[in-house]
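J.:
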Amino acid sequence: MDAGMNTSTHLKAQARCPLQEHFLPRKNSKENLDRFIPNRSAMDFDYAHYALTEGNKGKDQAAATVSSPSREAYRKQLAETMNLNHTRILAFRNKPQAPVELLPTDHSASLHHQPKLVKPRRYIPQTSERTLDAPDIVDDFYLNLLDWGSANVLAIALGHTVYLWDASSGSTSELVTIDEEKGPVTSINWAPDGRHVAVGLNNSEVQLWDSGSNRQLRTLKGCHQSRVGSLAWNNHILTTGGMDGQIVNNDVRIRSHVVETYRGHTQEVCGLKWSGSGQQLASGGNDNVVHIWDRSVASSNSTTQWLHRLEEHTSAVKALAWCPFQANLLATGGGGGDRTIKFWNTHTGACLNSVDTGSQVCSLLWSKNERELLSSHGFTQNQLTLWKYPSMVKMAELTGHTSRVLYMAQSPDGCTVASAAGDETLRFWNVFGVPETAKKAAPKAAHEPFSHVNRIR
Numbered sequence: 043m044d045a046g047m048n049t050s051t052h053l054k055a056q057a058r059c060p061l062q063e064h065f066l067p068r069k070n071s072k073e074n075l076d077r078f079i080p081n082r083s084a085m086d087f088d089y090a091h092y093a094l095t096e097g098n099k100g101k102d103q104a105a106a107t108v109s110s111p112s113r114e115a116y117r118k119q120l121a122e123t124m125n126l127n128h129t130r131i132l133a134f135r136n137k138p139q140a141p142v143e144l145l146p147t148d149h150s151a152s153l154h155h156q157p158k159l160v161k162p163r164r165y166i167p168q169t170s171e172r173t174l175d176a177p178d179i180v181d182d183f184y185l186n187l188l189d190w191g192s193a194n195v196l197a198i199a200l201g202h203t204v205y206l207w208d209a210s211s212g213s214t215s216e217l218v219t220i221d222e223e224k225g226p227v228t229s230i231n232w233a234p235d236g237r238h239v240a241v242g243l244n245n246s247e248v249q250l251w252d253s254g255s256n257r258q259l260r261t262l263k264g265c266h267q268s269r270v271g272s273l274a275w276n277n278h279i280l281t282t283g284g285m286d287g288q289i290v291n292n293d294v295r296i297r298s299h300v301v302e303t304y305r306g307h308t309q310e311v312c313g314l315k316w317s318g319s320g321q322q323l324a325s326g327g328n329d330n331v332v333h334i335w336d337r338s339v340a341s342s343n344s345t346t347q348w349l350h351r352l353e354e355h356t357s358a359v360k361a362l363a364w365c366p367f368q369a370n371l372l373a374t375g376g377g378g379g380d381r382t383i384k385f386w387n388t389h390t391g392a393c394l395n396s397v398d399t400g401s402q403v404c405s406l407l408w409s410k411n412e413r414e415l416l417s418s419h420g421f422t423q424n425q426l427t428l429w430k431y432p433s434m435v436k437m438a439e440l441t442g443h444t445s446r447v448l449y450m451a452q453s454p455d456g457c458t459v460a461s462a463a464g465d466e467t468l469r470f471w472n473v474f475g476v477p478e479t480a481k482k483a484a485p486k487a488a489h490e491p492f493s494h495v496n497r498i499r
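Following my numbering, the residues of the sequence shown are numbered contiguously, the last one being 499.
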């Protein structure tokens, strides 16, 4: 059932079940009253019986006898000693004794323990703030056709054409249209400088383009035997993953660009992500396996051995996201047969947590400002789900797409998320809010991967 039918059903349910009190009203004030059960442990039944039967006789005799002050004092002392000085015969409870203050109250100390201010809950819009048409977008789970660069320009591949959308001005331009025998476009990824973009093709080639001048810089050939479905930049190294199961590190500064090859997947590599430090690479494949590769043990002379091989997923793993606030923490999401988000310590290879989301996990993004994780899903709701980490409590579910949300990209400031789905729409969500610091620090100058060469061959 699609999202629209779910919404209408929910509205009907609300109309049928308005808020009502579930208890019956009392006809008068004397009905439905609870019985009061006294505290019998505080009662002295023996003395009460004595006071009701023999006590009056004692009072009469005491009134007849002339008592001296010394005799009256003796009687009170005896009653106190024999626990006969009762002020209440049928007492419901014992009055507590006044607390004894052993230490003097330090009022100055309380000044240093003011109550903590509760952070107000952030408002999360439930609808997209902008929707753009994305005709001819390829509905393929294993591809990566959307990316948002550091220069605030979003790149999206629609069929054989790559389009650029400038988020600052709202303008759209066409970067390149690939020939029929080479296309369609199967992956796209911005370089760290926000100017150069890599385009993976169905014929196993990878093209490098300058978005400023709309000029092709070079073509990387000989890396793979079939389509290139995933790309990931690490400074001047462009890592490519293919349907042949191979992962190749390409140094774009030199003519012989292949510098390392990672072999471990037996089927298509559909997810690639470098860690923030650039030391570890996570790869996910259609073989349900996640590999962690470490550059410190890399060797250009032989195939590099993985650091960890994680086999707990039961379906293809495309969604990968390194945590920005905790080193060595990786989140991975499984496909339709798995439906889980798993968290890994990439230092030890241990699985820290696994959460069943109930639907195919297509993409994952960490918030840059809060300890939150956003996931995009397929059937049945085709929603975006915002999770609080580490409790993994759902904070919001964003609906609007009518087909599985295959691709997500995050704006440079970390506030806005773009999502593209098989319904041929591109939606923008203000899901992560505004950073707490009003004045942002100046961004560091990104290293330009082509600055060491005068000309790309």
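Quick reminder that beta carbons are idealized off the backbone N, C-alpha and C, glycines included. Because the structure is a prediction, the values reported are computed rather than measured.
Is E353 buried or exposed, if buried means 16 or more other CB atoms sit within 10 Å of its CB?
T.: Exposed, since its Cβ has fewer than 16 Cβ neighbours within 10 Å.
J.: Should the region 260-269 be regarded as contacting the region 201-221, the criterion being three or more beta carbon pairs within less than 8 Å?
T.: No, the region 260-269 does not touch the region 201-221.
J.: Can you tell me whether C312 is buried or exposed? The criterion is at least 16 other CB atoms within 10 Å of its CB, across all chains shown.
T.: It counts as buried.
J.: Quick one: using the 10 Å Cβ neighbour count with 16 as the cut-off for buried, is L415 buried or exposed?
T.: Classification of L415: buried, given that the 10 Å Cβ count is 16 or more.
J.: What span of residues does the beta strand (DSSP E) with A392 cover, start to end?
T.: Counting along the chain, the beta strand (DSSP E) containing A392 begins and ends at 392-398.
J.: Counting pairs of beta carbons, one from the region 319-327 and one from the region 228-235, are three or more of them closer than 8 Å?
T.: At 8 Å Cβ cutoff, the stretches do not touch.
J.: Opposite A363 in the DSSP bridges: which residues?
T.: Its beta-bridge partners are A373.
J.: For D181 and A463, I'd like the C-alpha separation in whole angstroms.
T.: Going from the Cα of D181 to the Cα of A463 covers about 7 Å.
J.: Could you tell me the boundaries of the beta strand (DSSP E) in which Q403 lies?
T.: The sequence given here has Val at residue 403, not Gln. First-last of the beta strand (DSSP E) with V403: 403-408.
J.: Nearest to Y431 by alpha carbon, out of A199, Q258, L371?
T.: When only C-alpha atoms are compared, the closest one is L371.
J.: Assess contact between the region 353-366 and the region 189-205, defined as three or more Cβ pairs (one per stretch) separated by less than 8 Å. Is contact present?
T.: Not touching, per the Cβ criterion.
J.: Pick helix, strand or coil for N244, following the three-state DSSP scheme.
T.: Correct three-state label for N244: coil.
J.: Note down, in chain order, each residue of its chain lying with its Cβ closer than 8 Å to the Cβ of N330, except the 5 sequence neighbours on either side.
T.: Cβ within range, chain order: E353, H355, T356, S357, A358, V359, G376, D380.
J.: Using 9 Å as the limit for Cβ to Cβ distance, is H91 near chain B?
T.: Looking at the structure shown, chain B is missing, and only one protein chain is on hand.
J.: Across the region 442-450 and the region 381-399, are there enough close Cβ pairs to call them in contact, namely three or more that are closer than 8 Å?
T.: The answer is no - the region 381-399 does not touch the region 442-450, with fewer than three Cβ pairs under 8 Å.
J.: Assign E73 to one of three DSSP states: helix, strand, or coil.
T.: Low per-residue confidence applies at E73: pLDDT is 48, beneath 50, and the placement is therefore not dependable, though the value from the model is reported in the following sentence. Of the three classes helix, strand and coil, the one that applies to E73 here is coil, per DSSP.
J.: Just to confirm my understanding: we take V435, look at its own chain, exclude 5 residues before and 5 after, and list those with CB closer than 8 Å. What are they?
T.: Within the same chain, V435 has close Cβ partners W429.
J.: Work out the CA separation of D336 and S405 for me, nearest whole Å.
T.: Distance between the alpha carbons of S405 and D336: 23 Å.
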